[in-house]
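Structure record follows, encoded as structure tokens.
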Amino acid sequence: MGVPRVVDFSAKLTLNKRRQQAGAALQDVKGGNNVVDQIVLIDRKTDITSLFCSQFTYESLLDQEFGIAGTKAALPATVVGSEVGQPAAGASSFGGNKTEGKQLLRLGNDDALFRDVRHSHVSQLGPLLRRKTLEMQQVEAEKDTIQTVQEMQHFMAKLKTLTTEKPLLSAHVNLAAYLNEKKGGDDFHREWRWEDAITSCTDTAGKSLAAVEEGMDNGWPLKTVLRLLCLYSEVYQGLPSQGQYEQLKRGILQVYGYEVLPLLQTLEQTQLLTGPRKGTDKNHNWAQVKKDFALVVEKQDAPEDAFSYAYSGYAPLSVRLVQKLASPHGWRGSVSDSMALLAGPVLEADREPRRGKTARGSTAVETLPGVRSLADHVADVAGAGVGAIMGAGAGNASCNFKNGSTVSANPASATSSDVEGGSQRSKIVFVFFIGGATYGEIAALRRLSEMEGGERKFLIGATNFTSPEKMFRSLEASASLLRAGPPLLPQDRRRSSTAAGSQSPEKPTASQTVLDALPGRSWFRLG
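The sequence shown begins at 301 in our numbering and counts up one residue at a time.
So, in structure tokens, the structure goes:
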């Protein structure tokens with residue numbers, strides 16, 4: 301009888317625990333006869349602007365400052381201490397942020413404290429963490445009032461939880477203080493002021509570009525410079541002149557090194573950072589989109605704008621689209637004309653049970669008047685656009701991605717009544733971001749559900765969680781792959797050798813380069 305494999309045993313325990321958690325979450329969603337009532341597909345290109353805007357929730361700030369991979373983040377040991385997490389191994393990230401001297405901390409719902417504060421605005425972290433500290437102090441004080449064995453047993457159970465949570469509380473308090481200090485600095489306020497001028501369309505003289513050049517001379521991180529330039533390029537459809545664009549590129553190369561050149565070329569190919577654009581996006585008018593969808597919120601007192609807290613006064617277009625879908629007539633209502641200003645096609649369709657003799661559980665798509673069929677839109681929406689499928693049984697649809705992954709929402713029952721047993725049930729809305737979602741958008745959707753009194757519950761899926769830094773890193777990797785090219789198979793080498801001297805190899809088209817370079821872009825199929 302050999303020594304048992306402890307590693308395998310612990311791995312099985314971890315896997316079983318995750319399966320139980322996933323099963324419990326799925327059961328919460330199904331909840332009996334609930335179905336997925338709506339599916340909303342949002343391509344990142346439709347709302348690329350929100351990606352470049354500053355977010356202010358705790359989780360999004362941690363991602364912006366340190367980067368979150370999956371449910372883990374490499375945090376400075378000098379901030380969180382060495383008592384929590386585990387030492388992070390040495391790879392470097394975009395911009396040279398080394399992971400040496402950092403602790404790898406798990407940030408997930410299994411951390412009760414993080415679960416309570418992850419979607420909170422950074423300005424609210426202090427009161428929330430202070431209240432949690434007082435609760436722990438009250439638990440510790442209970443030891444002086446214990447008189448019976450039962451009270452001792454109850455206290456020991458609390459003490460066990462307290463022993464686990466106390467180091468985490470200390471880590472989150474230190475992180476909150478660190479983030480508040482960073483966001484309270486002069487550099488951040490200058491950066492945010494110019495960002496606000498860009499999104500508000502008040503920077504008609506291009507003063508923000510001069511501020512970016514000055515910031516480069518003052519040591520701004522590359523990700524900050526590129527984020528503001530891409531935001532300006534998206535809002536104003538390119539930089540004011542080709543000469544100014546070339547001047548900024550030269551400045552970036554001189555300050556940050558010529559190894560940045562492939563990234564700049566990829567940003568230009570993907571239309572994220574360009575000179576003045578002529579003959580493209582004729583319908584794009586950011587000023588009109590901003591006005592029609594009320595994206596810049598001057599005062600957050602209005603109930604319908606409460607979710608803009610995640611961006612401190614900016615309502616992400618993606619979340620506003622989900623909000624408008626619940627209004628009478630959906631996107632074909634008061635915002636129908638404004639939808640034409642968005643990048644890519646817009647699709648809104650009803651799914652209803654077929655009448656007559658059909659296979660059990662089959663459903664059909666009834667396209668709204670004036671809207672092409674779903675099949676006609678698949679190739680278009682895969683490039684950019686938004687789509688919504690509504691009605692009982694909408695959750696029978698699934699998204700099959702080119703990389704082999706499948707995201708589906710298959711309800712337990714194909715039909716259900718909105719009123720069961722005399723009580724109103726919440727509508728289940730599956731929102732999927734093609735090309736990535738930000739943590740700010742997740743927090744905004746959660747607040748939107750609270751604003752609606754729980755009338756709609758959101759299941760949120762995405763090809764990945766994204767941020768400007770993650771996107772730049774992905775584009776940087778794509779640029780390297782495009783330069784190297786795919787490896788030749790033996791038959792390709794023979795074909796290449798026979799054609800040598802007679803014909804130059806075919807170059808990829810601009811559209812192919814754009815689609816391949818964008819992070820998380822995948823063709824999908826609805827079935």
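A virtual CB, placed ideally from N, CA and C, is assigned to each residue, including glycine.
Whether residue 528 touches residue 575 by CB criterion (8 Å): no
Whole-angstrom C-beta distance between residue 469 and residue 433, which should lie under 8 Å: 7 Å
Expected contact under 8 Å - CB spacing of residue 762 and residue 736 to nearest Å: 6 Å
Stretch-stretch touch, CB-based, cutoff 8 Å, three pairs: the region 474–485 with the region 354–370: yes
Segment limits, alpha helix (DSSP H) that includes residue 467: 449–483
At least three beta-carbon pairs within less than 8 Å, the region 591–606 to the region 556–572: no
Inter-residue spacing [alpha-carbon to alpha-carbon] between residue 408 and residue 773: 24 Å
Outcome for residue 519 when other beta-carbon atoms lying within 10 angstroms are tallied against a minimum of 16: exposed
CB contact check: residue 559 to chain D, cutoff 8 Å: In the displayed structure, chain D is absent; only one protein chain is listed.
Exposure label - residue 628; buried when at least 16 CB within 10 Å: exposed
Element boundaries [beta strand (DSSP E), containing residue 403]: 402–406
Delimiting residues of the beta strand (DSSP E) encompassing residue 729: 727–734
Buried or exposed (CB count within 10 angstroms, at least 16 for buried), residue 495: buried
Coil, strand or helix - residue 510 by DSSP: helix
Of the listed residues 373, 532, 514, 484, nearest to residue 423 (C-alpha basis): 484
Residue 779 to residue 564 span [Cα, whole Å]: 9 Å
Exposure label - residue 449; buried when at least 16 CB within 10 Å: exposed
Three-state secondary structure assigned by DSSP to residue 573: coil
Alpha-carbon spacing of residue 522 relative to residue 344, whole angstroms: 22 Å
Sequence-distant residues of the same chain with beta carbon closer than 7 Å to residue 421, five excluded per side: 356, 357, 609
Assigned secondary structure, residue 356 (DSSP; H/G/I helix, E/B strand, else coil): coil
Cα-Cα separation between residue 517 and residue 725, rounded to whole angstroms: 57 Å
Run of the beta strand (DSSP E) containing residue 343, from where it starts to where it stops: 336–343
Inter-residue Cα distance where the pair is residue 541 and residue 367: 34 Å
CA nearest to the CA of residue 626, picked from 648, 568, 514, 765: 648
Bounding residues of the beta strand (DSSP E) (the contiguous stretch that carries residue 376): 372–376
Nearest-angstrom beta carbon gap, residue 419 and residue 746 [assumed within contact, 8 Å]: 6 Å
Inter-residue Cα distance where the pair is residue 501 and residue 641: 17 Å
Same chain, Cβ closer than 8 Å to residue 524, neighbours up to 5 away in sequence not counted: 491, 515
Nearest candidate by alpha-carbon position, reference residue 619, set 374, 760, 467, 442: 760
Buried versus exposed call for residue 756 [16 or more other C-beta atoms within 10 Å across all chains shown]: buried
Residue 761: first and last residue of the uninterrupted beta strand (DSSP E) it sits in: 756–762
Where residue 446 falls: helix, strand or coil (DSSP): coil
Buried/exposed call for residue 456, threshold 16 Cβ in 10 Å: exposed
CB contact flag (residue 616, residue 347, <8 Å): yes
CB of residue 337 within 8 Å of CB of residue 591, strictly: no
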